[in-house]
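Residue numbers (our numbering): 67 to 466. Have a look at the structure below, then the notes.
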C-alpha cells in the first residue's frame with residue numbers, strides 16, 4: 067500500500083513539473099514571438115518611412131500640378147502620388163540637374179506651394195495623404211517636419227517682399243485694421259518698406275519676388291501709373307507675385323479689365339482653400355466691409371471665397387508664369403455654423419508659427435508601440451533643410 071501511495075505521489079509531482087515546463091515554454095514562446103513580431107514590425111515601419119520620405123522630396127508628384135486640385139478633387143483617383151520637388155520645364159531643366167547634383171542623396175529643390183498645400187490639407191485630407199504616401203498598415207500614422215536654418219516664412223512663400231500703401235494714407239496697414247503691414251512687423255517677416263513711394267518700388271521691382279499694394283487707391287487708368295503698366299505686367303509674367311488689398315483697380319491690367327465691382331458690408335463662403343487660404347475650411351463664412359468682388363469671367367480665375375454665382379471676394383489668377391492675388395479688407399469676421407472662428411480675415415493668409423518648423427501629420431503618442439524616424443536633406447529657398455519623416459503605430463494588442 068505504501069509503495070502504491072509513493073508511486074501516486076511521484077506521478078503527481080511529475081505531472082506538476084511537466085505542467086510547469088509547458089507553461090514556461092508557452093511564456094518563453096509568447097515572449098519570443100512578440101519580440102520577433104515587434105522587430106519585424108519596426109523593420110516594416112522603417113522601410114515605409116524611408117520610401118515615403120524619399121518619394122515625397124525627390125519627385126514632383128503625379129500629376130505634377132496636384133496642388134491645383136481642390137478639397138473635393140483631392141483623392142486617389144485624381145492623384146497617383148505626392149511629390150514636393152519643384153516642377154521644372156524644358157527651358158530650366160538644367161536647374162533640375164543642378165539640384166540633383168548638389169548631393170549624393172539626390173536632393174531636389176522643394177516647392178513652397180506644394181509644402182504649403184500639404185499643410186493646408188492636413189486637417190481635411192490626412193487619410194488620403196497617408197494612402198498616397200503608401201502608409202497603410204493598421205494603426206500606422208505619419209508625422210512630417212521641415213526644419214530650415216533661417217526659419218520658414220509662411221507669408222506668400224519664400225522670396226524678397228516689397229510693400230507700399232500707394233496713394234492712400236497707409237492706415238489700412240495698421241493693427242486697428244488688422245493690416246498686412248503690421249502683421250509682417252509683428253512676425254519678423256523681412257520686407258522692403260516703400261511706404262507711399264509706389265513709383266520707386268515699381269522702378270526697382272526686379273529686385274523682388276513678391277509685391278504688396280495695401281489699399282493703394284491707384285486705378286488702372288491713373289495717368290501717374292500708366293507709364294509703369296508694362297513694367298508691372300512683365301514682372302508678373304516672369305514669375306512675380308502681385309497682391310492687392312482693398313481699393314484701387316490696378317489688378318485690371320492683368321487680363322481683368324472691368325472685373326472689379328465695389329462692395330460694402332457683405333459676405334461670402336469659402337469654396338476653395340488651395341495654397342493661398344489657410345486656417346479655414348470649405349463652408350466657412352467670410353465677412354468683409356470694403357473692397358471689390360472680382361468677376362467670375364476673368365480667365366483662369368480661382369475663386370477662394372464665393373460672393374455670389376461664382377463672383378469672388380478672395381481670389382487669384384495666373385498671369386504668365388506669375389500670379390495675381392486680390393483680397394478685400396482684412397477686418398471682417400470668419401464664422402462656421404454661426405460660431406466665430408476669427409475676428410479678422412487676414413488670418414486666412416498666414417501660416418501659424420512663422421519662423422519655426424513646418425509640421426504635417428500627427429505627432430507620435432507617448433505610448434506608441436513603434437516610432438521610426440528617417441531624416442534627409444533637401445534644398446528650400448537656396449538653403450539646406452532637414453526633412454524628417456516619423457512613421458509610428460498606435461498601441462494595439464500585442465504591440466503594446
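Ideal Cβ positions, reconstructed from N, Cα and C, are used throughout, including at glycine.
Would you mind reading off the limits of the alpha helix (DSSP H) that contains residue 334?
It is not in any alpha helix (DSSP H) - residue 334 instead sits in the beta strand (DSSP E) that spans 326–336.
Tell me where the alpha helix (DSSP H) around residue 357 begins and ends.
Note, residue 357: premise wrong, no alpha helix (DSSP H); beta strand (DSSP E) at 351–360.
Closest Cα partner of residue 179 within the set 389, 402, 411 and 396
389
Bridge partners of residue 477, per DSSP?
Outside the displayed range of the chain (67 to 466) lies residue 477, so it cannot be described from this structure.
My output table needs one value for residue 125: the three-state DSSP class, helix, strand or coil.
coil
What distance in whole Å lies between the Cβ atoms of residue 281 and residue 238, which are believed to be in contact at a cut-off of 8 Å?
4 Å
Out of curiosity, what's the CA-to-CA distance linking residue 250 and residue 256?
7 Å
Ignore the nearest five residues each way along the sequence and tell me which others in residue 98's own chain have a CB closer than 8 Å to its CB.
Its pLDDT being 39, under 50, residue 98 is placed unreliably in this model, and the coordinates cannot settle the point.
Please report the distance separating the alpha-carbon of residue 245 from that of residue 291.
24 Å
What does a CB cutoff of less than 8 Å around residue 428 pick up in its chain, not counting 5 residues either side in sequence?
192, 207, 208 and 209
Euclidean distance between Cα positions of residue 302 and residue 459:
46 Å
Considering only the beta carbon of each residue, do residue 114 and residue 457 sit closer than 7 Å?
yes
What is the residue span of the beta strand (DSSP E) that residue 280 lies within?
276–280
DSSP three-state assignment for residue 110, whether helix, strand or coil:
helix
Which stretch, first to last residue, makes up the alpha helix (DSSP H) that contains residue 298?
295–303
What span of residues does the beta strand (DSSP E) with residue 346 cover, start to end?
Per DSSP, residue 346 belongs to no beta strand (DSSP E) and is neither H nor E.
Classification of residue 264 by the beta-carbon crowding that lies within 10 angstroms, buried from 16 upward:
buried
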